[in-house]
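Residues in the sequence shown are numbered from 423 upward in steps of one, following our numbering. All C-beta atoms, glycine included, are put in the ideal place defined by N, C-alpha and C.
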Amino acid sequence: MVLAIPVLGLLHLDQYRMSLINSELAALQTQADTLASALGTAAVRDGADGKQELIPDTARQLLRVGLSTTGARARVFGRDGTLVADSSLLAGPLGQVQVVELPPPDHTPSYLIWIEDLYRTIRQLLEGKRQLPLYIEVPEQTAASYEEAASALQGEHASRIRADSTGRLFLSVAVPVQRYRQVVAALMLTKDGSSVDKAVQDRRRDVLLVFGVALGVTILLSLYLARTIATPIRRLADAADRVRGTSGRSENIPDWSNRKDEIGDLSGALREMTQALHARMEAIEGFAADVAHEIKNPLTSLRSAVETVARVEDPDQQKKLMGIIVDDVQRLDRLISDISDASRLDAELARGTSEEVDLKRLLEALVEVQRAGIEAGGPSYRLEIDPREDLRVEGIEGRLGQVFRNLIANATSFSPPRGTIHLAARRERGRGRNDDTIVVTVADEGPGIPPDKLDDIFDRFYSERPKGEKFGTHSGLGLSISRQIVEAHGGVIYAENRSEGGARFTVTLPAG
């Protein structure tokens with residue numbers, strides 16, 4: 423677009439040139455009318471036959487005086503078409519001498535001449551073979567040699583635009599010289615178009631200068647943009663291709679995060695993406711290793727029991743081994759179900775549609791279900807919620823319900839007989855409305871958690887169960903899944919021991 427501006431300027435030069443030519447022709451026409459009027463007054467006399475006659479000597483003198491400063495050439499053709507006077511011819515002792523004005527020396531630099539010649543050639547190719555009439559001066563000039571002079575002898579005003587063999591422009595106008603409405607002669611003024619060509623040439627040089635500046639600026643901007651935008655983007659793209667074929671570490675991505683622009687943002691985003699990718703790959707590898715380890719234990723026990731039961735003939739021993747087989751099969755089924763649920767969790771959280779979840783209503787429903795299933799000697803449940811509090815959050819209700827069911831189930835399993843499970847929910851005010859959080863706690867009166875295991879209990883397949891509980895009842899994925907769900911909702915979950923005994927789990931979620 424920048425380069426199109428001077429190109430449009432070059433296209434405008436033809437119109438500019440024609441406007442200059444028309445101005446020159448108008449000025450030349452004014453001079454011709456003035457000079458023809460002077461000739462008709464001072465250089466014409468009455469003839470013997472009553473016709474008006476032109477006085478050649480007087481006409482020549484008037485031409486020299488009238489055109490001394492105009493730079494135009496005047497020629498007067500008699501009624502019969504012969505050349506009577508020519509301002510370029512001076513009388514001398516040896517006859518007439520023709521005066522030819524030489525052009526001024528051309529100091530144009532060679533490179534500009536080459537550019538202008540190239541432009542002229544291109545313009546001629548684009549315009550086709552449109553040529554001006556050729557200007558020729560024959561040795562014996564008559565009015566018939568010039569169409570405009572012949573028209574002037576017929577009493578008409580005429581003008582012509584011609585060019586010589588070198589391309590030099592010539593402008594001419596012809597007017598009749600009259601006295602008493604008789605056409606005595608024809609006056610033709612001719613002027614070369616050097617002033618027009620020079621004006622157009624100066625304008626073309628200005629346009630070429632603008633074009634050169636625009637081209638230079640465009641090249642510099644292109645180099646600058648290539649260095650600051652295109653090259654970094656290409657390097658980031660190459661680095662992304664390398665990451666695809668390697669371990670995915672962010673060290674392979676150039677670090678331009680110090681740049682305060684979109685390239686810096688892109689570099690930082692790619693590095694964070696590769697870090698997340700690498701962490702996810704490590705998590706998948708670790709999860710696969712943990713799954714293989716956890717499944718191997720019941721499979722080993724199951725294989726041993728199956729191999730042994732085929733060799734044992736004692737019915738009591740066979741019954742005991744069959745019980746072990748059933749327990750191991752149930753343990754495998756429970757483990758595989760929990761593993762399947764954990765593996766689908768990320769995809770479900772990513773695809774799930776968030777909605778407004780009222781934690782007050784959700785916790786009340788969960789407590790009512792637990793109270794309805796209390797067995798003799800089992801714990802009681804106490805829920806502390808201010809009915810005036812707004813406890814709504816944005817999330818997936820089914821998964822949030824799974825978190826609190828897991829916490830309540832853990833608290834129930836560790837609670838002593840006739841103990842109490844304490845549930846509470848409150849809204850904590852932040853600096854702004856959007857900074858409020860909902861805090862939910864689930865506490866029991868059990869033995870608590872070893873201080874060095876408060877964070878380990880959220881690891882996959884970690885199991886710290888009450889004494890006397892049947893082995894393999896839990897897979898050790900409940901708290902790990904709970905943390906994954908809470909963090910996907912932008913919250914935090916952690917465990918602590920109560921000073922009065924027992925453990926407390928706290929879930930903090932952004933308020934809706």
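*Straight-line CA distance for Q906 to I818?*
For the purposes of this step, residue 906 is taken as residue 484 along the sequence shown, with counting starting at 1. For the purposes of this step, residue 818 is taken as residue 396 along the sequence shown, with counting starting at 1. Whole-angstrom Cα-Cα distance: 13 Å.
*Over the uninterrupted beta strand (DSSP E) stretch that includes Y916, give me the two end residues.*
For the purposes of this step, residue 916 is identified with residue 494 of the sequence shown, where counting begins at 1. Where Y916 is concerned, the enclosing beta strand (DSSP E) stretches over 914 to 919.
_Could you compute how far the alpha carbon of A831 sits from the alpha carbon of T863?_
Numbered from its first residue, the sequence shown carries residue 831 at position 409. Numbered from its first residue, the sequence shown carries residue 863 at position 441. Rounded to whole angstroms, A831 and T863 show a C-alpha spacing of 14 Å.
*Out of curiosity, what's the CA-to-CA distance linking Q483 and I583?*
On the sequence shown, position 61 is the one that residue 483 refers to. On the sequence shown, position 161 is the one that residue 583 refers to. When rounded, the distance between both Cα atoms is 27 Å.
*What's the gap between the Cα of L516 and the Cα of Y438?*
Numbered from its first residue, the sequence shown carries residue 516 at position 94. Numbered from its first residue, the sequence shown carries residue 438 at position 16. Its pLDDT being 44, under 50, L516 is placed unreliably in this model, and the coordinates cannot settle the point.
*Reference P838, options A426, S921, A925, closest by Cα*: In the sequence shown, the residue the question calls residue 838 occupies position 416. Checking every option, the nearest Cα to that of P838 belongs to A925.
_alpha helix (DSSP H) segments (min. 4 residues) lying fully within the segment 569 to 608_ = 569 to 575
*Specify the secondary structure class of S459 as computed by DSSP and reduced to three states.*
Taking the first residue of the sequence shown as 1, we reach residue 459 at position 37. Three-state result, S459: helix.
*Endpoints, the beta strand (DSSP E) within which R848 is located*: Position 426 of the sequence shown, counted from the start, is the residue given in the question as residue 848. Its beta strand (DSSP E) spans residues 842 to 850.
*Counting only the same chain and skipping the five closest in sequence on each side, list residues whose C-beta sits under 7 Å from that of L447.*
Residue 447 sits at position 25 when you count from the first residue of the sequence shown. Short of 7 Å from the beta carbon of L447, and not among the five residues preceding or following it, lie these beta carbons of its own chain, in chain order: S581, L593, V595.
*Assign G462 to one of two classes, buried (16 or more other C-beta atoms within 10 Å of its C-beta) or exposed (fewer than that).*
As a working mapping, residue 462 is identified with position 40 in the sequence shown. Under this definition G462 is a buried residue.
*asked:* Taking a contact to mean a Cβ-Cβ separation below 8 Å, would you say P869 touches F836 in this structure?
replied: For this step, residue 869 is matched to residue 447 along the sequence shown. For this step, residue 836 is matched to residue 414 along the sequence shown. The answer is yes: Cβ separation under 8 Å.
*Starting from V665, follow the alpha helix (DSSP H) in both directions and report where the run begins and ends.*
One-based indexing of the sequence shown puts residue 665 at position 243. It spans 653 to 666 - the alpha helix (DSSP H) in which V665 sits, taken as one unbroken run.
*Mind checking who R495 pairs with in its DSSP beta bridge?*
Here residue 495 refers to the residue found at position 73 when the sequence shown is read from its first residue. Looking at the DSSP assignment, R495 forms a beta bridge with T612.
*Please specify which runs of the alpha helix (DSSP H), each continuous and at least 4 residues long, are wholly inside the segment 793 to 818, giving them in chain order.*
If only complete runs of 4 or more residues are kept, the segment 793 to 818 shows no alpha helix (DSSP H) anywhere.
*asked:* Which residues does DSSP list as the beta-bridge partners of P932?
replied: For the purposes of this step, residue 932 is taken as the residue at position 510 of the sequence shown. In the DSSP output, where bridge partners are listed per residue, P932 has T859.
*In chain order, what residues of the same chain have a beta carbon less than 7 Å from the beta carbon of D858, not counting five sequence neighbours either side?*
Counting from 1 along the sequence shown, the entry for residue 858 is found at position 436. Hits under 7 Å: R849, E850, R851, G852, A933.
*Under 8 Å by Cβ, that's how I've got V506 and L476 pegged, so tell me the actual separation to the nearest angstrom.*
The sequence position of residue 506 within the sequence shown is 84, counting from 1. The sequence position of residue 476 within the sequence shown is 54, counting from 1. About 6 Å separates the two Cβ atoms, so the contact holds.
*How would you call M610, buried or exposed, if buried means at least 16 neighbouring beta carbons within 10 angstroms?*
As a working mapping, residue 610 is identified with position 188 in the sequence shown. Flag for M610 reads buried.
_Just verifying my parser: in three-state terms, what is the DSSP assignment at A732?_
Here residue 732 refers to the residue found at position 310 of the sequence shown. Looking at A732 - three-state DSSP - the assignment turns out to be coil, as it is neither helix nor strand.
_Measuring straight from C-alpha to C-alpha, what distance separates D628 and S441?_
The residue labelled residue 628 in the question sits at position 206 within the sequence shown. The residue labelled residue 441 in the question sits at position 19 within the sequence shown. Near 18 Å, if we compare the C-alpha coordinates of S441 and D628.
*The beta strand (DSSP E) enclosing L505, as first and last residue numbers*: Counting from 1 along the sequence shown, the entry for residue 505 is found at position 83. Taken as a continuous stretch (DSSP letters only), the beta strand (DSSP E) holding L505 covers 505 to 508.
_Less than 8 Å between the beta carbons of I443 and V618, yes or no?_
Here residue 443 refers to the residue found at position 21 of the sequence shown. Here residue 618 refers to the residue found at position 196 of the sequence shown. In this structure, the beta-carbon distance from I443 to V618 falls below 8 Å.
_Which of the three DSSP states is assigned to G923 in this structure?_
For this step, residue 923 is matched to residue 501 along the sequence shown. For G923, the three-state secondary structure derived from DSSP is coil.
*Beta carbon of S902, beta carbon of R882: below 8 Å?*
Position 480 of the sequence shown, counting from 1, holds the residue named residue 902. Position 460 of the sequence shown, counting from 1, holds the residue named residue 882. Going by C-beta atoms, S902 is nearer than 8 Å to R882.
*For the candidate residues V815, M423, L931, whose alpha-carbon lies nearest to that of V861?*
Position 439 of the sequence shown holds residue 861. The shortest C-alpha separation from V861 is found at L931.
*When you compare each of R840, E778, Q453 to K613 by their alpha carbons, which one comes out closest?*
As a working mapping, residue 613 is identified with position 191 in the sequence shown. Of the candidates R840, E778, Q453, the one whose C-alpha sits nearest the C-alpha of K613 is Q453.
*Sorted by chain position, which residues of the same chain lie with C-beta nearer than 7 Å to A607's C-beta, five sequence neighbours on each side aside?*
Stepping through the sequence shown from its first residue, residue 607 is reached at position 185. Close CB contacts of A607 within its chain, under the 7 Å cut and outside five residues either way in sequence, are with L476, V498, F499, G500, R501, V506, V599 (chain order).
_Tell me the DSSP secondary structure of L425 in three-state form._
To locate residue 425, count along the sequence shown from 1; it is residue 3. Correct three-state label for L425: coil.
*With a cut-off of 8 Å, do at least 3 Cβ pairs link the segment 724 to 734 to the segment 703 to 713?*
no
_Nearest candidate by alpha-carbon position, reference S587, set K742, Q563, E578, Q553_ = For the purposes of this step, residue 587 is identified with residue 165 of the sequence shown, where counting begins at 1. Residue Q553 is the option with its Cα nearest to S587.
*Per-residue DSSP class, three states only, for T834*: As a working mapping, residue 834 is identified with position 412 in the sequence shown. Helix, per DSSP.
*Does the Cβ of H911 have 16 or more other Cβ atoms within 10 Å, making it buried, or fewer, making it exposed?*
Within the sequence shown, residue 911 is the residue found at index 489, counting from 1. It counts as buried.
*asked:* In the DSSP assignment, the beta strand (DSSP E) including R467 goes from what residue to what residue?
replied: Translated into the one-based positions of the sequence shown, residue 467 becomes position 45. 466 to 468 is the span of the beta strand (DSSP E), which, as asked, contains R467.
*For E891, collect the residues of the same chain with a Cβ closer than 8 Å to its Cβ; drop the 5 residues on either side in sequence, then sort them by chain order.*
Within the sequence shown, the letter at position 469 stands for residue 891. Low confidence applies here, because E891 scores a pLDDT of 49, under 50, leaving its location unreliable; read the following figure in that light. Only S835 meet the Cβ criterion.
*Short Cβ contact (8 Å threshold) for G469 with A565*: On the sequence shown, position 47 is the one that residue 469 refers to. On the sequence shown, position 143 is the one that residue 565 refers to. It is not a contact, given that the beta carbons lie outside the stated cut-off.
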